[in-house]
Every structure is written in structure tokens, then in C-alpha cells.
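Some notes on the structure that comes next.
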Amino acid sequence: MELYQKTASELSSLLQSKEISSVELTKAVFARTAQVEDTVGAYISTDEEAALARAAQIDEKRAAGEELSPLAGIPIAVKDNICTKGTATTCASKMLENFVPFYNATVVDKLNEEGLVITGKTNLDEFAMGSSCENSALQTTRNPHNPAHVPGGSSGGSAAVVAAGETPLAVGSDTGGSIRQPASFCGVVGLKPTYGTVSRYGLIAFASSLDQIGPMARSVEDAALLADVLRGADPMHDSTSIPREYDSLHAKLDPDMKGVRIGLPKEYFGEGIDAEVSKAVLDAAEVYRGLGAEIVELSLPLSKYALPIYYILSSAEASSNLARFDGVKYGYRTQKADDLIDLYVKSRSEAFGPEVQRRIMLGTYVLSSGYYDAYYKKARAAQRAIRADYAKAFEQVDVILTPTAPTTAYQIGEKTDDPLQMYMGDICTVSVNIAGLPGLVQPCGFDSGRMPIGMQLIGPRFGEQKLLNAGLAFERATGLTDLVAL
Ligand code: GLN
Numbered sequence: 033m034e035l036y037q038k039t040a041s042e043l044s045s046l047l048q049s050k051e052i053s054s055v056e057l058t059k060a061v062f063a064r065t066a067q068v069e070d071t072v073g074a075y076i077s078t079d080e081e082a083a084l085a086r087a088a089q090i091d092e093k094r095a096a097g098e099e100l101s102p103l104a105g106i107p108i109a110v111k112d113n114i115c116t117k118g119t120a121t122t123c124a125s126k127m128l129e130n131f132v133p134f135y136n137a138t139v140v141d142k143l144n145e146e147g148l149v150i151t152g153k154t155n156l157d158e159f160a161m162g163s164s165c166e167n168s169a170l171q172t173t174r175n176p177h178n179p180a181h182v183p184g185g186s187s188g189g190s191a192a193v194v195a196a197g198e199t200p201l202a203v204g205s206d207t208g209g210s211i212r213q214p215a216s217f218c219g220v221v222g223l224k225p226t227y228g229t230v231s232r233y234g235l236i237a238f239a240s241s242l243d244q245i246g247p248m249a250r251s252v253e254d255a256a257l258l259a260d261v262l263r264g265a266d267p268m269h270d271s272t273s274i275p276r277e278y279d280s281l282h283a284k285l286d287p288d289m290k291g292v293r294i295g296l297p298k299e300y301f302g303e304g305i306d307a308e309v310s311k312a313v314l315d316a317a318e319v320y321r322g323l324g325a326e327i328v329e330l331s332l333p334l335s336k337y338a339l340p341i342y343y344i345l346s347s348a349e350a351s352s353n354l355a356r357f358d359g360v361k362y363g364y365r366t367q368k369a370d371d372l373i374d375l376y377v378k379s380r381s382e383a384f385g386p387e388v389q390r391r392i393m394l395g396t397y398v399l400s401s402g403y404y405d406a407y408y409k410k411a412r413a414a415q416r417a418i419r420a421d422y423a424k425a426f427e428q429v430d431v432i433l434t435p436t437a438p439t440t441a442y443q444i445g446e447k448t449d450d451p452l453q454m455y456m457g458d459i460c461t462v463s464v465n466i467a468g469l470p471g472l473v474q475p476c477g478f479d480s481g482r483m484p485i486g487m488q489l490i491g492p493r494f495g496e497q498k499l500l501n502a503g504l505a506f507e508r509a510t511g512l513t514d515l516v517a518l
């Protein structure tokens with residue numbers, strides 16, 4: 033097995049026993065990138081020189097006997113809506129194509145402190161709005177399992193680099209499914225943490241009450257290791273980050289499923305969900321039963337409202353968050369404007385793509401006087417009802433098992449003409465953000481076209497440990513398959 037095919041945990045052991053160096057590993061992943069990137073197109077930018085210099089530093093520290101964290105020396109890619117000091121952070125938008133932040137996101141500082149080696153920035157749907165990476169204004173990313181198919185979105189670049197062997201780890205962000213759905217489409221593991229447990233300082237905001245940064249990896253154990261690096265309160269920079277004890281998730285991994293109650297909500301297995309997807313997830317439930325878990329059928333009756341609630345709330349917040357891009361302070365500015373209003377209008381019309389403009393219009397509409405009560409206020413009330421729906425379910429079960437998306441990865445171009453159909457693809461993931469809960473996605477099979485199927489485990493607030501334990505149990509029972517595609 034080549035180095036680029038291994039999990040971060042395996043690589044960590046090899047680094048610690050000094051069988052390999054971080055420089056060697058970093059060279060290996062860049063060689064792999066050179067081999068596949070023309071096909072995959074997952075990176076917006078890479079910096080091999082900086083990565084090798086960083087890797088050499090870590091090797092020196094190790095040689096000097098310094099105590100290093102488990103992921104020290106491991107390459108990692110970062111979604112390009114997360115600020116990296118001195119390196120362009122584009123949000124895959126013409127608006128920020130030349131934006132170079134003068135500060136790091138808190139999570140980037142954390143990666144640096146723990147000695148990870150940042151390889152580059154990954155493609156996404158513009159401002160993280162989308163489900164296929166096709167809304168990127170900069171490039172097309174292809175699914176490593178079949179380059180005619182989308183990698184999912186919006187963190188499609190982060191999912192694709194992990195699936196293609198370009199890095200063992202990546203960071204994504206998830207507002208309505210953007211870590212989980214691309215993880216599912218590309219056959220990798222993705223964790224959307226509980227709202228407020230990872231600092232969002234330096235994450236370019238899409239919908240602030242829903243956005244969350246999280247890990248993407250090749251195994252559940254790797255996701256736990258990276259989650260441990262990313263989590264933690266950030267009182268100086270993110271007032272929504274929650275001050276509490278963040279115990280190591282990795283240290284407490286326990287795959288014992290005896291007596292664990294797993295809920296199957298009937299709303300997630302009916303109409304609109306591809307039969308092959310349903311079957312794979314129901315088969316996974318049987319694996320759990322075989323491991324001693326109790327399978328409980330339950331109902332989340334408000335599930336059908338999640339999609340409209342999500343698109344109202346997220347668009348409302350997006351319209352407000354994106355108001356700062358006005359052509360004056362930073363970002364794109366039109367070449368020629370008659371007056372200030374004309375400058376705003378032209379800058380925003382020329383630099384935002386159609387999907388971003390659609391969300392801004394929708395969001396402005398639902399917040400406007402006369403419609404605020406009818407749409408936005410109602411959606412907020414419905415959000416509370418969805419939270420209550422989940423709270424009731426978690427009185428009966430420890431975790432909930434569902435599909436991640438109604439289908440596997442579709443062909444590039446298949447849904448671009450029909451935004452509503454694209455939105456429908458988010459049906460299984462958005463309620464998790466609406467309720468602020470953690471969600472773990474991992475591979476559970478393939479469809480008849482050999483495209484990966486991902487299952488989603490949803491936990492109660494701060495229930496990451498339960499999710500990762502259940503994820504590990506499944507992974508151990510079924511084995512890791514096809515770690516790297518292409
Ligand atoms: N696909 C969803 C959307 O388009 C979710 C995006 C996200 O999580 N950033 O809004």
C-alpha cells in the first residue's frame with residue numbers, strides 16, 4: 033500500500049516510530065496530487081513549498097525528541113472559505129478571487145499549533161451555497177469514484193482530496209449538509225459537530241446560526257482525531273462558541289454496541305429516497321442489530337418542513353452576511369460606475385454568481401416588512417418545533433440512523449438547470465443544522481453504478497462521542513473498503 037492510501041492514524045504511527053518522515057509523506061501526497069489533480073480538480077490553490085518547509089520543521093522537532101501531538105506531520109487540506117493568513121481565500125467566488133486575509137481562522141491556528149501540514153485550499157460551491165460544487169465560479173471538481181459525477185457540495189473539494197488520495201485529512205464547513213453530503217458522495221467520513229463546539233472565527237459566514245466547521249477523513253478514528261484538534265471554546269473571537277470541557281473524543285472511542293438504542297425515523301425511508309440508498313442504510317441497521325444494538329422505529333413528524341425552514345433561515349442570514357461585499361471595502365469592484373448606488377449594484381451583479389444572487393434575493397424578500405412575519409418569524413418558530421421533535425426522539429434512542437442524501441452522486445450538469453431539484457437533495461441533512469445537532473456520515477456501501485452510499489448518524493447535542501463510537505463499531509464490523517478511489 034502506498035503512503036497516500038493510508039489513514040491518518042496509520043501514518044501517525046509510522047511518523048512516531050520514525051519509519052517515515054513528514055517530508056517524505058508530504059512529497060508523496062503532492063506526487064499523488066500531480067498524478068490525479070487534472071482529473072479531480074479539487075484544489076483551488078496548493079503551496080508545496082510552504083508545506084515541505086512546515087514538514088521539515090516538524091521532522092526536526094521530532095528528531096529533537098519534542099513531544100508532538102498525534103496528527104503532527106500529517107498533511108491536511110482546508111476548504112477555501114476558511115481564512116488563511118497570506119494565502120488567498122476565495123470562497124470560489126469572483127467577489128473574493130484576490131482576497132488575501134491578514135489573519136488565520138481559529139481552526140487554522142489550531143492545525144498549525146498541533147503540527148499539521150496544510151497542503152492547500154479546496155474548491156466549494158460559491159460561498160458554500162450548493163450541493164455539487166457546480167456553483168464554484170472558479171473550477172469544476174469531479175468525483176474520484178467516477179469523474180463524470182459531481183463530488184457533492186459545498187465541501188466537494190475537501191471530500192474529493194481525501195477520496196482521491198491527495199491528503200488523508202481535510203477541513204470542511206456545514207450549514208445544511210456541506211460536510212456530510214459530499215462525504216457521502218465521495219465515500220469518506222465527515223462529522224458536522226454540535227453547533228457552537230468549533231470556533232467559526234475566520235470562516236466566511238454563510239448562515240451564522242447554522243454554520244459549523246468539521247473534519248473529513250478516511251476513517252472514523254481519523255475523524256475523531258481531527259475533531260479533537262478543531263473543537264474548543266474561543267471566547268475572544270467567537271461568542272457563539274460554547275465554554276465547556278472538551279474531553280478527547282479519540283481517547284474515549286468505544287465500539288461496544290450492546291444495548292445502544294438506534295432509531296430509524298420512518299420519514300427518512302419513504303418516497304423520494306432511492307431504493308438502493310434505503311436498502312444500504314437498512315442493511316447497516318441490521319449490522320448494528322448483530323452487534324447487540326436495539327433498533328427502534330420512530331417518527332420525526334416535522335421532517336417534511338425542514339427544507340423550507342432551512343432555505344428561509346439560511347437565505348435570510350446569507351442576505352445579511354453578504355451585504356458587506358459592496359465593492360467598497362474589499363473584494364471585487366466594478367471598473368466603471370456612475371455613482372455610489374451604481375457601484376454597489378454593478379460590483380455585486382458582476383461578482384456574485386446566479387445561485388448567490390438567488391439566495392440574496394430570497395433572503396431579502398423573507399426579511400422585508402410585510403413578509404417578515406409570514407416567512408422568517410414562522411420559520412424561527414418552526415425551528416423550535418423541530419428541536420423539540422428531536423428532543424423527544426432522543427428520549428427513546430441514543431442515536432438516529434438515516435440516509436445522507438436521497439441519491440448517490442449524480443452526473444455533472446444533471447441538476448444545474450433546476451435549483452429546486454438541487455435543494456431537494458438536502459432533505460436528509462438540513463434538520464440537523466436547524467436543531468444544532470451533531471451528524472456523522474460514513475460509507476456503508478455502493479450502488480449498482482459503483483458510486484458510494486453514505487449513512488448518517490445523528491446524535492443529541494454534544495453527542496459526538498456516541499456518534500463516533502457507533503461509527504467505529506460499524507467500520508470495524510464491515511471493514512474499511514476502497515479507501516482511495518481512481
Ligand atoms: N446544500 C445546502 C445549500 O445549498 C447546504 C450548504 C452548506 O451546508 N453550506 O445551502
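Quick note: the sequence shown uses this note's numbering, first residue 33, plus one each step. C-beta: ideal position from N, C-alpha, C; glycine also.
Check your understanding: CB E146 to CB S77, shorter than 8 Å?
Key -> no
Check your understanding: What span of residues does the alpha helix (DSSP H) with E382 cover, start to end?
Key -> Run containing E382: 372 to 383, per the alpha helix (DSSP H) assignment.
Review point. Which term fits P275, buried or exposed, when burial requires 16 or more other beta carbons within 10 angstroms of its beta carbon?
Key: exposed
Exercise for review: Pull up the DSSP beta-bridge partners for G222, would you.
Suggested key: M248, V473
Practice item. Please work out which residues of its chain come closer than 8 Å, Cβ to Cβ, to P438, disregarding the five sequence neighbours upstream and downstream, and give them in chain order. Key: Within the same chain, P438 has close Cβ partners G304, I305, D306, V309, M456, G457, I459, C460.
Practice item. May I ask you to check if the CB of A82 is nearer than 7 Å to at least one heavy atom of ligand 1? Key: no
Check your understanding: Does the count of Cβ pairs from the region 489 to 507 and the region 464 to 477 closer than 8 Å reach three?
Key -> yes
Exercise for review: Using alpha carbons as the reference points, say which of S41, I294, V149, Y442 lies closest to F62.
Suggested key: V149
Review point. Q415 by DSSP, collapsed to three states: which one?
Key: helix
Check your understanding: Based on the DSSP output, what are the partners of R356 in its beta bridges?
Key -> In the DSSP output, where bridge partners are listed per residue, R356 has none listed.
Check your understanding: Taking the beta strand (DSSP E) that A109 falls in, what are its first and last residues?
Key -> 107 to 111
Review point. P451 lies in the beta strand (DSSP E); which residues open and close that run?
Key: Counted as a single uninterrupted DSSP element, the stretch harbouring P451 is not any beta strand (DSSP E) but the alpha helix (DSSP H) occupying residues 451 to 456.
Point to revise | N- and C-terminal bounds of the alpha helix (DSSP H) containing R94 | key: 80 to 95
Exercise for review: Report yes if the CB atom of L223 is closer than 8 Å to the CB atom of I245, and no otherwise.
Suggested key: For the pair L223 and I245, the CB atoms are not nearer than the 8 Å cut-off.
Point to revise | Exposed unless 16 or more other CB atoms sit within 10 angstroms - verdict on S164 | key: buried
Practice item. Look at the Cβ atom of E253, then the Cβ atom of S41, and state whether they are nearer than 8 Å. Key: yes
Check your understanding: Is the beta carbon of T207 within less than 7 Å of some heavy atom of ligand 1?
Key -> yes
**Study point:** Bounding residues of the beta strand (DSSP E) (the contiguous stretch that carries E329)
**Key:** 326 to 330
Check your understanding: Does the beta-carbon of L71 have 16 or more other beta-carbons within 10 angstroms, so that it is buried, or is it exposed?
Key -> In the sequence on display, residue 71 carries Thr and not Leu. Exposed is the call here.
Check your understanding: Between the region 112 to 131 and the region 377 to 385, are three or more C-beta pairs nearer than 8 Å?
Key -> yes
Review point. Under 8 Å between the Cβ atoms of G162 and S186?
Key: yes
Review point. Apart from the five residues on each side of it in sequence, which residues of its chain come closer than 7 Å, Cβ to Cβ, to A348?
Key: G395, V398, L399, Y408
Practice item. Kindly examine ligand 1 and report whether one of its heavy atoms sits closer than 7 Å to the Cβ of D449. Key: no
Review point. Mapping DSSP to helix, strand and coil, what is N465?
Key: helix
Point to revise | Status (buried if at least 16 other CB within 10 Å, exposed otherwise) for S190 | key: buried
Exercise for review: Figure out for me which residue from T122, F506, L143 has the closest Cα to the Cα of V319.
Suggested key: F506
Check your understanding: Do the region 201 to 212 and the region 79 to 97 touch if we need at least three Cβ pairs shorter than 8 Å?
Key -> The region 201 to 212 makes no contact with the region 79 to 97, as fewer than three CB pairs between them are under 8 Å.
Exercise for review: Would you mind reading off the limits of the alpha helix (DSSP H) that contains S190?
Suggested key: Unbroken alpha helix (DSSP H) run through S190: 188 to 195.
Check your understanding: Quick one, are the C-beta atoms of Y233 and D260 less than 8 Å apart?
Key -> no
Practice item. Take N501 and list the residues in its own chain whose beta-carbon comes closer than 7 Å to its own, dropping the five residues that flank it on each side. Key: L285, D286, P287
Exercise for review: Pull up the DSSP beta-bridge partners for H181, would you.
Suggested key: DSSP lists Q443 as the beta-bridge partner residues of H181.
Review point. Taking the beta strand (DSSP E) that K153 falls in, what are its first and last residues?
Key: 149 to 154
Review point. Does DSSP classify M127 as helix, strand or coil?
Key: helix
Practice item. Could you name each continuous alpha helix (DSSP H) segment of 4 residues or more that falls completely within the region 276 to 331, going from the start of the chain to the end? Key: Entirely contained in the region 276 to 331, the alpha helix (DSSP H) runs reaching 4 residues are, in chain order, 307 to 322.
Practice item. Check the DSSP bridge columns for T434 and list the partner residues they point to. Key: Q488
Review point. Which residues in the same chain have their Cβ closer than 7 Å to the Cβ of L520, if we skip the five residues on either side of it in sequence?
Key: A query on residue 520 cannot be resolved here, the shown segment of the chain reaching from 33 to 518 and no further.
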